[in-house]
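Chemist:
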Amino acid sequence: MLTQPTIEQLKSLRCMGMAEALREQLQTPESASLSFEERLAFLVERELLLREQRAILGKLRHARLREQACIEDIDYKATRGIS
Numbered sequence: 000m001l002t003q004p005t006i007e008q009l010k011s012l013r014c015m016g017m018a019e020a021l022r023e024q025l026q027t028p029e030s031a032s033l034s035f036e037e038r039l040a041f042l043v044e045r046e047l048l049l050r051e052q053r054a055i056l057g058k059l060r061h062a063r064l065r066e067q068a069c070i071e072d073i074d075y076k077a078t079r080g081i082s
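Using numbering that gives the first Met the number 0, you'd call the opening residue of the sequence shown number 0 and step up by one each time.
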């Protein structure tokens with residue numbers, strides 16, 4: 000099987016998630032028992048997840064939020080000035 004050229008072609012198509020998932024599948028013996036459709040579904044799912052993560056990170060950078068909000072940082076004892 001010509002795996003390295005296939006991985007390079009996926010990278011040239013900017014399908015980095017699929018390329019990485021294919022490399023992982025080739026290193027994992029359990030993936031050999033999966034059908035073609037199942038393996039392809041895993042590759043496509045990985046690519047979609049990677050693209051969604053990149054989109055979210057890009058939107059967060061574009062928003063230029065000062066700090067990441069964290070529930071543990073809320074000060075419940077501070078006076079609110081509400082009477």
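The beta carbon of each residue, even a glycine, is placed where N, CA and C say it ideally should be.
1) As a quick exercise: from Ala62, Glu19 and Leu25, pick the residue whose alpha carbon is nearest that of Glu44.
2) Taking only the alpha-carbon atoms, compute the straight-line gap between Pro8 and Glu46 and give it to the nearest angstrom.
3) Does the region 31-38 come into contact with the region 51-67, if we say contact requires no fewer than three beta-carbon pairs (one atom in each stretch) closer than 8 Å?
4) Can you find a heavy atom of the ligand HEM that lies under 7 Å from the Cβ of Gly80?
5) Quick check on Leu21: buried or exposed, where buried means 16 or more other Cβ atoms within 10 Å of its Cβ?
Modeler: Judging by the given coordinates:
1) Glu19
2) As written in the sequence, residue 8 is Gln, which differs from the Pro given in the question. Approximately 14 Å between the Cα atoms of the pair.
3) no
4) This structure does not include the ligand HEM; it has no bound ligands of any sort.
5) buried
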